[in-house]
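Residue numbers (UniProt numbering): 1 to 244.
Have a look at this one:
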């Protein structure tokens, strides 16, 4: 949850990773095989629809009383925040909720979360399609930016279900691992500790861990399911998010 602290700063309550159930659903395949392909597709979209608007969610859990950010891992080396492109005319809030449902919600409606969208913590601009670089400011010589990307905190409820496309991994990465780690996570994700520093985090205790979780005191080991299904259907269909 989110509240105002006495000093005027925003307080965010962060719950333990053990409070959440993680499962898998059908894969969602990436549209592009390379960055070059992606930039070419974005260029064509720009010619048809104008500047691209995109949104991403910053979801926080805690492990050992330290905030961890939930990231989607594609393959072995690429990480991204859940989110994506807004449709023409779609609001940022509606679009981010739609993307969170696609990326993280179980297909079983009774297990789905009514996502709450919190403060905007960052705005990035893409000046061109020559490279995949975005800036946290609009360069002065750029009159027609190609993309505006906004990052929003998404406060999590005390408990909920996640269901991640089978071809992706959901990782819980600590802030100290992200900090200035541009080589591994890129310039935006590695700047999240600075973006989040204006918040006051309240870490809460969690439900007692199951015996299987006690085997991994420093990291939540992840698995993948052999069967289709949403979390909560069977006990063995629960998958922990990895924590690095």
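All residues carry an ideal CB built from backbone N, CA and C; glycine is no exception. In this text, all values refer to a predicted model and were calculated from it rather than measured experimentally.
Same chain, Cβ closer than 6 Å to residue 123, neighbours up to 5 away in sequence not counted: Locating residue 123 in the chain shown gives position 123, counting from the first residue. So the list reads 150, once near-sequence residues are dropped.
CB of residue 63 within 7 Å of CB of residue 81, strictly: As a first step, residue 63 is located in the chain shown; it is residue number 63 there, counting from the start. As a first step, residue 81 is located in the chain shown; it is residue number 81 there, counting from the start. Using a Cβ distance threshold of 7 Å, residue 63 and residue 81 do not count as a contacting pair.
Sub-7 Å separation of residue 74 and residue 201 beta-carbons: As a working mapping, residue 74 is identified with position 74 in the chain shown. As a working mapping, residue 201 is identified with position 201 in the chain shown. No, Cβ-Cβ distance for residue 74 and residue 201 is not below 7 Å.
CA-to-CA distance, residue 139 to residue 109, given in whole angstroms: Position 109 of the chain shown, counted from the start, is the residue given in the question as residue 109. Position 139 of the chain shown, counted from the start, is the residue given in the question as residue 139. Taking C-alpha positions only, residue 109 is separated from residue 139 by approximately 44 Å.
Residue burial classification, residue 68 (beta-carbon count within 10 angstroms, cutoff 16): Indexing the chain shown from 1 puts residue 68 at position 68. With 16 or more other Cβ atoms within 10 Å, it is buried.
Where residue 186 sits in the DSSP three-state scheme: On the chain shown, residue 186 is found 186 positions in, with the first residue counted as 1. Annotated three-state conformation of residue 186 is helix, per DSSP.
Proximity winner among 23, 85, 111 and 25, relative to residue 99 (alpha-carbon distances): For the purposes of this step, residue 99 is identified with residue 99 of the chain shown, where counting begins at 1. Checking every option, the nearest Cα to that of residue 99 belongs to 85.
Cα-Cα separation, residue 152 to residue 119: As a first step, residue 152 must be located in the chain shown, where it is residue number 152. As a first step, residue 119 must be located in the chain shown, where it is residue number 119. Using only the alpha carbons, I get a separation of about 6 Å.
Three CB pairs or more closer than 8 Å across the segment 151-167 and the segment 11-31: Counting Cβ pairs under 8 Å, three or more are found: they touch.
Status (buried if at least 16 other CB within 10 Å, exposed otherwise) for residue 44: Position 44 of the chain shown, counting from 1, holds the residue named residue 44. With fewer than 16 Cβ atoms within 10 Å of its Cβ, residue 44 is classed as exposed.
Distance, residue 48 Cα to residue 66 Cα: Indexing the chain shown from 1 puts residue 66 at position 66. Indexing the chain shown from 1 puts residue 48 at position 48. Going from the Cα of residue 66 to the Cα of residue 48 covers about 44 Å.
Where residue 26 falls, given that 16 or more other Cβ within 10 Å makes a residue buried: Against the chain shown, residue 26 aligns to sequence position 26. It counts as exposed.
Spatially closest choice to residue 182 from 79, 38, 10 and 58, by CA coordinates: Counting from one through the chain shown, the residue named residue 182 turns up at place 182. That would be 79, whose Cα lies nearest to the Cα of residue 182.
Cut-off 6 Å between Cβ atoms - residues of its own chain near residue 179, not counting five sequence neighbours on either side: Walking along the chain shown from the start, residue 179 turns up at place 179. For residue 179, where only same-chain residues beyond five positions count, the Cβ hits under 6 Å are 193.
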